[in-house]
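Engineer:
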Amino acid sequence: MIEVLVNDRLGKKLKVKCLTEDTIGDFKKVLSLQLAAQPNKIVLQKGGNVLKDHITLGDYEIHDNTNLELYYL
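If you read the sequence shown in UniProt numbering, its first letter stands for residue 1, the second for the next number, and so on.
#1: Which parts of the UniProt domain "Ubiquitin-like" (2-73) are runs of the alpha helix (DSSP H), unbroken and 4 residues or longer, counting only runs that do not cross its ends?
#2: Buried or exposed: where does I42 fall if 16 or more other Cβ atoms within 10 Å of its Cβ makes it buried?
#3: Do you know whose CA, among M1, K12 and N65, lies nearest E21's CA?
#4: Less than 8 Å separating the beta-carbons of E3 and D64?
#5: If we ignore side chains and look at the alpha-carbon of each, how far apart do K29 and L10 end up?
Right, dumping it as structure tokens:
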């Protein structure tokens, strides 16, 4: 289990527990429960690159304490 840090442009910071085998889509579902937002309205970026829903966290080299940027559509 890893903990990923998610920051939005409004200064809100969240810590989300997940597995490296989880897809970005799965991660968005967990995140949406904490944010009360729909998963399809969430965009995640790492280093300026938009993360695609069908790819795993491990494939994006997201590890414990990795920072992701959160944007809303």
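Cβ atoms here follow ideal geometry from the backbone N, Cα and C, with glycine treated the same way.
Structural biologist: Once the coordinates are examined:
#1: Correct list: 24-35.
#2: Buried: at least 16 other Cβ atoms inside 10 Å.
#3: Closest option to E21, Cα to Cα, is M1.
#4: The answer is yes: Cβ separation under 8 Å.
#5: Cα to Cα, the separation comes out at about 20 Å.
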